[in-house]
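Q: Next up is a structure, given as C-alpha cells.
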Amino acid sequence: MSDDIDLTSADDLIPFPVLDGPSDVSRRKFELWQNTSGNSLLWDITLVAADGRRFPASRLELASWSEYFCKIFQGDYAETNQTVLSLPEDVGGDALELLLHGIYLQEILFNKDNVEDVLRISDRLQVIPVKDACAIWLEKEMDAFNVLEILLLADKYTCTQLDSLARDFLRHHFEKVVQFDGQLPNRVGLTSLSQTALVQILTDDNLELSSEMPVFRAIKQWKAGQPAGSPGLLFNLLMMVRLEHLQGDALHQLLQDELIRADVQCSQLVAHAALQIAGTATDHFPCRPVRSFAQVQIQNTLMVRVWKVCNWTEVHDRMKEGERIYSDKFPIANVTGTWKFDFFPKGTAGADGWMSLYFKYADQFSDNQQIGFGFKLHVINFQFPSQTLTKVYEKSQCTFSAESPGWGHQKMALIAAVNDPQGGFIIDDTIYIGISKTES
2 MSDDIDLTSA
12 DDLIPFPVLD
22 GPSDVSRRKF
32 ELWQNTSGNS
42 LLWDITLVAA
52 DGRRFPASRL
62 ELASWSEYFC
72 KIFQGDYAET
82 NQTVLSLPED
92 VGGDALELLL
102 HGIYLQEILF
112 NKDNVEDVLR
122 ISDRLQVIPV
132 KDACAIWLEK
142 EMDAFNVLEI
152 LLLADKYTCT
162 QLDSLARDFL
172 RHHFEKVVQF
182 DGQLPNRVGL
192 TSLSQTALVQ
202 ILTDDNLELS
212 SEMPVFRAIK
222 QWKAGQPAGS
232 PGLLFNLLMM
242 VRLEHLQGDA
252 LHQLLQDELI
262 RADVQCSQLV
272 AHAALQIAGT
282 ATDHFPCRPV
292 RSFAQVQIQN
302 TLMVRVWKVC
312 NWTEVHDRMK
322 EGERIYSDKF
332 PIANVTGTWK
342 FDFFPKGTAG
352 ADGWMSLYFK
362 YADQFSDNQQ
372 IGFGFKLHVI
382 NFQFPSQTLT
392 KVYEKSQCTF
402 SAESPGWGHQ
412 KMALIAAVND
422 PQGGFIIDDT
432 IYIGISKTES
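Below, the structure is given as C-alpha cells:
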C-alpha cells in the first residue's frame, strides 16, 4: 500500500456499526462468562444473589449497562472497592442469571414464568435495555386473559409505553376481558385491581362497547372479590355506568339484578334513568359522552355505528366550504364490505350554512357489482334525543355501485343549530354522527 494514501481523513470518517444484537463477539464473551467463572484474571467482581449463588462479572460491563452498578463502582461506598458484591434481598439467582445472560449475549430466553422476575430485577438494578426487552415480550404476548396483569406490571415498574399499549388493548377488547375474567386459574383478574385502577378504566370515553352492560358486569365481578361493607361503594361505582345510554330492556335487567335490588340508592338510580329515557323524569342526569359504541339506541332507533367527531371547535374552525373529513372504515352486519362516513363540516359548494353528510362504500367495486340496502343518517343529539336530525334513504331509492359509491344529503344539518351551546349536539367538544338500517 502506498504511504501517501490517507484512509482516516477527518472529513471522510463515517460511523459504522460494529454490533447489532447477538454477534460473534457477544457470543464469545458469553462463553467465557460461562466457562471461566473461576478465573479471576478475566473477572474483577463477583455478584452474590439473595439465595447465595455467585456470578463472576466485569465492573466495566456492568457499569455500561446499569446506572445502579455505575454509581456503586464509581462512588464512595463501602462496596465500591470490594471484589464480592452482595445484591439486594429481592434479587434471586435464577433471575440474575437470566439478566447476565442478556448483558453478555444480548439475548434472553423469556417465558411466562420468568419474565416478571427479570422485569423486577432489571428495574431494581436499573438495567434498562433488559427492562425494555421484558416490556416488548409482554406486549407481544398480550391477550384478553393477561392484559390486566400486564397493566399492573407496567404500572408497578413504570413501563410507560407498555402501560399505554395495555390500556389501548383494553379499550378495544374490554368486553372480552370482562367475559373471560375468572375463567382461567391463577390469572390476575378484575378483583386484583384497586378501586382507583378500576374507576380509571370504567371512566374511559373510548372503551369500545356494544352497550354499557359490560361496564356493570365488570363492577359486579370486581365487587364480588372485595370485603363486605363499604357503604356507598356500589352506588359510586354504578355512577360509572352511563345509564342514560342504555336501552329500556337493559335497564329492566339491571332493576332485577340481586345486587341492585339489595341497595336502595342503586335501585333508585336505575329507576330514575329509566324515567329519563322514557321522557317522564322531572330532572336529568348530565349527559355524558357516548363511548366508542358499535351500537347505541336513540329514540327507539338502533344505531349500527356511531362516529365521534372529536375536537369539534378546532375541526370546525379550520375547515372551509368543500373540505371533507372521513371516518375510519367499518363493517355493517349482514351487508357486504366496509363503509365510511364522508363529512363536510362547512358543507359542499352551494350549501351555505349547512353541513353535508354522505355514506360511502369504502372498498373497490367489482365489475357490475351493486349493493342495495335502506339506511338513515343521523346527527345525534344525546342531550335532547327527540331533536336528533335524521335523513332516510329507502332501499328502493339508492343502490351503491362504482358509478354511485355514496349517498347522502347536501343539507344535513344547519351549522348554527349544531354549534348552539344550548342545543345539545355538542358534548365535551364532540359531535356524533350515526347510521341505522331501515327495515325496507
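Under our numbering, the residues of the sequence shown are numbered 2 to 441, in order. Note that beta-carbon positions come from the ideal geometry of N, C-alpha and C, so glycine has one too. Predicted model only: the values in this text are computed from it and were never measured.
#1: Count the other CB atoms within 10 Å of the CB of S10; is the residue buried (16 or more) or exposed (fewer)?
#2: Helix, strand or coil: which one does DSSP assign to W308?
#3: Within its chain, find whatever has a CB closer than 8 Å to the CB of T200; leave out the 5 residues flanking it on each side and keep chain order.
#4: Please classify L110 as buried or exposed, where buried requires at least 16 neighbouring CB atoms within 10 angstroms.
#5: Could you check if K309 is buried or exposed, using at least 16 other CB atoms within 10 Å of its CB as the buried criterion?
#6: In angstroms with no decimal places, state the Cα-to-Cα distance between I428 and R319.
#7: Report buried or exposed for K141, applying the criterion of at least 16 other Cβ atoms within 10 angstroms of its Cβ.
#8: Could you tell me which residues DSSP pairs with L249 in its beta bridges?
#9: For M320, which three-state DSSP category applies?
#10: Relative to the C-alpha of L303, which candidate in T389, W313 and A134 has its C-alpha closest?
#11: Taking 6 Å as the limit between beta carbons, can you name the residues of its chain near V393, skipping five residues before and five after?
#12: Using a Cβ-Cβ cut-off of 7 Å (strictly less than) and excluding sequence neighbours within five positions of Q423, which residues of its own chain qualify?
#13: With 16 other CB atoms within 10 Å as the buried threshold, where does Y78 fall?
#14: Within the segment 314 to 379, note down every full alpha helix (DSSP H) run reaching 4 residues or more, in order along the chain.
#15: Spatial neighbours of W44 within its chain, please: CB distance less than 7 Å, with the 5 preceding and 5 following residues excluded, ordered by chain position.
#16: Using the beta-carbon count (16 or more within 10 Å), is S367 buried or exposed?
#17: Count the other CB atoms, across all protein chains shown, that sit within 10 Å of the CB of G103; report buried if there are 16 or more and exposed otherwise.
#18: Taking 7 Å as the CB-CB cut-off, is N207 touching chain B?
#19: If I measure Cβ to Cβ from L86 and keep anything under 8 Å in the same chain, skipping five residues before and after, which residues do I get?
#20: Since M413 and S328 are thought to touch, with beta carbons under 8 Å apart, how far apart are those beta carbons, to the nearest angstrom?
#21: Between Y433 and F383, which are expected to be in contact by the criterion C-beta below 8 Å, what is the C-beta distance as a whole number of angstroms?
#22: Are the segment 267 to 276 and the segment 345 to 359 in contact at 8 Å, needing three or more beta carbon pairs?
#23: So, is A136 buried or exposed, given that buried needs 16 or more other C-beta atoms within 10 angstroms?
#24: To the nearest whole angstrom, what separates the beta carbons of C311 and T431, a pair I think is in contact under 8 Å?
#25: Could you check which residue in R121, R289, Q248 and D258 has the C-alpha nearest to that of L276?
#26: Can you tell which of G348, P232, G425 and I278 has the C-alpha that lies nearest to the C-alpha of A251?
#27: Considering only the alpha carbon of each residue, which of L154, L149, Q180 and T439 lies closest to I202?
#28: Give me the Cα-Cα distance between E62 and Q365, rounded to the nearest whole angstrom.
#29: Grab me the residues of G409's own chain with a C-beta within less than 6 Å of its C-beta, minus the 5 sequence neighbours each way, in chain order.
#30: Around the Cβ of L244, are there at least 16 other Cβ atoms within 10 angstroms (buried) or fewer (exposed)?
#31: Identify every run of the alpha helix (DSSP H) within the segment 220 to 282, keeping only runs that are complete inside it and at least 4 residues long; order them along the chain.
#32: Could you check whether M214 and F170 sit closer than 7 Å to each other, using their CB atoms as the reference points?
#33: Helix, strand or coil for G435, going by three-state DSSP, please let me know.
#34: Tell me the rounded alpha-carbon separation between P186 and V179.
#35: For a quick check, are the C-beta atoms of G94 and R125 less than 7 Å apart?
#36: Locate the beta strand (DSSP E) running through G183, then write down its first and last residues.
A: Quick answer:
#1: With a pLDDT of only 45 at S10, under 50, the local geometry of the prediction cannot be trusted, and the value read off the model is given with reservation. Exposed: under 16 other Cβ atoms inside 10 Å.
#2: Correct three-state label for W308: strand.
#3: One point to set straight first is that residue 200 is Val, not Thr, in the sequence displayed. Apart from the 5 residues on each side of it in sequence, V200 sits with its Cβ closer than 8 Å to the Cβ of L238 and M241 in its chain, given in chain order.
#4: It counts as exposed.
#5: Around the beta carbon of K309, 16 or more other beta carbons lie within 10 angstroms, which makes this residue buried.
#6: Answer to the nearest angstrom: the Cα atoms are 19 Å apart.
#7: The residue is exposed, with fewer than 16 neighbouring Cβ atoms inside 10 Å.
#8: Checking the sequence, you will find Gly at residue 249 rather than Leu. Partner(s): none; G249 has no beta bridge.
#9: Three-state DSSP puts M320 in coil, outside helix and strand.
#10: The shortest Cα separation from L303 among T389, W313 and A134 belongs to T389.
#11: Correct list, in chain order: K377.
#12: Excluding positions up to five away in sequence, the list is empty.
#13: Exposed: under 16 other Cβ atoms inside 10 Å.
#14: Fully enclosed alpha helix (DSSP H) runs of 4 or longer: not present.
#15: Cβ neighbours of W44 beyond the five flanking positions: P57, A58 and S59.
#16: Within 10 angstroms of the beta-carbon of S367 lie fewer than 16 other beta-carbons, which makes it exposed.
#17: Residue environment for G103: buried (at least 16 other C-beta atoms within 10 angstroms of its C-beta).
#18: Reference to chain B is not applicable here, since this structure consists of a single protein chain.
#19: Correct list, in chain order: I46, T47, L48, V49, I73 and E80.
#20: Between the beta-carbon of M413 and that of S328 there is about 14 Å, and that puts the pair past the 8 Å contact cut.
#21: Yes, they are in contact, since the Cβ atoms of Y433 and F383 sit about 7 Å apart, within 8 Å.
#22: Because the criterion of three Cβ pairs below 8 Å is not met, the segment 267 to 276 and the segment 345 to 359 do not touch.
#23: Buried: at least 16 other Cβ atoms inside 10 Å.
#24: Indeed, because the Cβ distance is near 5 Å, the residues count as touching under 8 Å.
#25: Of the listed residues, the one whose Cα sits closest to L276 is Q248.
#26: Checked all of G348, P232, G425 and I278; the closest Cα to A251 is I278.
#27: Minimum Cα distance to I202 is reached at L149.
#28: Rounded to whole angstroms, E62 to Q365 spans 57 Å at the Cα level.
#29: Contacts found: L358, Y359 and F360.
#30: Burial of L244 is indicated by the presence of at least 16 other C-beta atoms within 10 angstroms of its C-beta.
#31: Entirely contained in the segment 220 to 282, the alpha helix (DSSP H) runs reaching 4 residues are, in chain order, 234 to 239, 249 to 257, 259 to 262 and 265 to 279.
#32: Not a contact, by the Cβ cut-off of 7 Å.
#33: If DSSP states are grouped into helix, strand and coil, G435 belongs with the strands.
#34: One alpha carbon belongs to P186, the other to V179, and they sit about 15 Å apart.
#35: R125 is positioned such that its CB atom lies no closer than 7 Å to that of G94.
#36: No beta strand (DSSP E) contains G183, which DSSP labels as neither H nor E.
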